[in-house]
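Here the sequence shown stands for residues 904 to 1006, numbered as in my numbering. C-beta: ideal position from N, C-alpha, C; glycine also.
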Amino acid sequence: MHEMTHQKVRADEKWGAVQMTAERIDMLYNIVKYSTYENKDTLLGILSKWKAGDFRTADEDHNALWRLQDGTIGKATGILSEEEEQEFIEKTFKNKKDEDENE
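Structure (structure tokens):
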């Protein structure tokens, strides 16, 4: 979940990225819903917003996940514009898709 937020947030450093898709959000929601994770309520709260298409607090969501992982570098400082997000997606995931197709 943390790496999924990287396509939505502004941060000085981002390590790793997983493309945020509706299918992936649904899958994670169901995994967490039926889990016994220590932070289940926090995770479900974030995933519920995402399922509804609400990313207005993606930076706060990132930082909550980041804190759960004891983050010290790469705190989110805002949300990317739609154009910036699209650029991140194309730069980060298009190259990955091309690599996967060439294997």
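Residue range of the unbroken alpha helix (DSSP H) whose run includes residue i
i: residue 992; result: 985-992
Neighbour-count burial assignment, residue i, 16 or more Cβ in a 10 Å radius
i: residue 918; result: exposed
i: residue 975; result: exposed
i: residue 933; result: exposed
i: residue 910; result: buried
Closest by C-alpha distance to residue i, when choosing among the options
i: residue 981; options: 963, 995, 990; result: 963
i: residue 930; options: 984, 971, 947, 986; result: 947
i: residue 983; options: 906, 912, 907; result: 912
i: residue 923; options: 971, 975, 916, 953; result: 953
i: residue 926; options: 950, 960, 977, 988; result: 950
- Task: Pick out the complete alpha helix (DSSP H) segments inside the segment 915-993, 4 residues or longer, and give them in chain order.
- Result: Listed in chain order, the complete alpha helix (DSSP H) runs (minimum 4 residues) inside the segment 915-993 are 925-936, 943-954, 961-971, 985-992.
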